[in-house]
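*Asks:*
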Amino acid sequence: QPAPAAAAQPAPAAAPAAAGTCNDLYARAAGALGGGAIGCIESTFEERGYDFDSDSCNGLENAWALGSGDFATLWPGCRAEQGFDDAACAAVLAGCFQ
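Using this note's numbering, read the sequence shown as starting at 1326 and increasing by one per residue.
(1) Since C1421 and C1403 should fall inside the 8 Å C-beta cutoff, what is the C-beta to C-beta distance between them, to a whole number of angstroms?
(2) Tell me which same chain residues have a C-beta within less than 7 Å of the C-beta of A1357, skipping the five on either side of it?
(3) Would you call the CB atoms of A1416 and T1369 closer than 8 Å?
(4) Can you tell me whether A1405 is buried or exposed? The criterion is at least 16 other CB atoms within 10 Å of its CB, across all chains shown.
(5) Mind reading off the beta-carbon distance from R1373 to A1413? Whole number of angstroms is fine, and I expect it under 8 Å.
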């Protein structure tokens, strides 16, 4: 007897980007945020030993509060100055954006 025909398998989908990365946080926070969200982000980073009151991060906070600014420059500047890692960004996403 011939072997049964194999069921057609759909093409594998591209693997999704890892959730909880700093890129995910940037995407979620590239716009106006309320004071509660800003405070949550700041306190979560500071609990992990980062200084969110630094000059570059302060500019980012102001842009969030105003709902305008060059987020594409402000976020990388803040991150580069403080050295946020994906674990810190994942903690912010979990604690402030769920």
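Glycine included, C-beta positions come from ideal geometry on N, C-alpha and C.
*Replies:* According to the structure shown:
(1) Sequence index remark: in the sequence shown, residue 1421 carries index 96 (1-based). Sequence index remark: in the sequence shown, residue 1403 carries index 78 (1-based). Actually they do not touch by this definition, with Cβ atoms about 15 Å apart.
(2) The residue labelled residue 1357 in the question sits at position 32 within the sequence shown. Cβ neighbours of A1357 beyond the five flanking positions: W1389, G1392.
(3) Numbered from 1 along the sequence shown, position 91 holds the residue referred to as residue 1416. Numbered from 1 along the sequence shown, position 44 holds the residue referred to as residue 1369. The Cβ atoms of A1416 and T1369 lie closer than 8 Å to each other.
(4) In the sequence shown, counting from the first residue as 1, residue 1405 sits at position 80. Exposed is the label assigned to A1405, since fewer than 16 other Cβ atoms lie within 10 Å of its Cβ.
(5) As a working note, residue 1373 is residue 48 in the sequence shown. As a working note, residue 1413 is residue 88 in the sequence shown. 5 Å between Cβ atoms; contact.
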